[in-house]
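*Asks:* In this note's numbering, the protein residues as written are 3 to 142. Built from N, CA and C at the ideal position, the CB exists for glycine as well. I have a structure here, written as structure tokens, and I will follow up with some questions on it.
Quick look at the structure:
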């Protein structure tokens, strides 16, 4: 459920929506259920669909993810209104050490704790923001 602070098309609502969207990504990673994530996404969002598809296959519920894999937003910044009512921005995110196993027979891969930036584009839809595109960048 979208938090009240994420309702509307203000910059403050955009920041709250981006934080909420990361929570939806975490939910998909935990459960494999990408439906809430996709419901908050534009139908043409390629990165959104890729994330939901991966989470359906590899998630905490089926043992594909373990450890500190949940993303934590440290900052939302660079919110700029663009063309067609869209808005661009970025979210600084951290994750801890976690293990990914893409199938029961696959060799587990351990990822180090990391800080990275998610570049986002939001689009207005029915009076609220939806995710138009999301890209991971600057993994450190």
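#1: Could you please give the first and the last residue of the uninterrupted beta strand (DSSP E) stretch that includes residue 124?
#2: When the Cα of residue 72 is compared with those of 136, 80, 108 and 99, which residue comes out closest?
#3: Alpha carbon to alpha carbon, what distance is there between residue 51 and residue 60?
#4: Please state if the CB of residue 20 and the CB of residue 123 are separated by a distance shorter than 7 Å.
#5: By the DSSP assignment, the beta strand (DSSP E) with residue 83 in it spans what residues?
#6: What does the alpha-carbon distance come out to for the pair residue 135 and residue 110?
#7: Less than 8 Å between C-beta atoms, sequence neighbours within five positions excluded: which residues of the same chain meet that for residue 38?
#8: Does the distance from the CB of residue 103 to the CB of residue 66 come in under 7 Å?
*Replies:* Well, looking at it:
#1: Counting along the chain, residue 124 sits inside the beta strand (DSSP E) bounded by residues 116-127.
#2: For residue 72, the nearest C-alpha among the options comes from 99.
#3: Taking the CA atoms as reference points, residue 60 sits about 14 Å from residue 51.
#4: Taking 7 Å as the Cβ cut-off, residue 123 and residue 20 do not qualify as a contacting pair.
#5: Counting along the chain, the beta strand (DSSP E) containing residue 83 begins and ends at 74-83.
#6: If you take the alpha carbons of residue 135 and residue 110, they lie about 29 Å apart.
#7: Within the same chain, and ignoring the five residues on either side of residue 38 in sequence, the residues whose Cβ sits closer than 8 Å to its Cβ are 26, 29 and 30.
#8: Yes, Cβ-Cβ distance for residue 103 and residue 66 is below 7 Å.
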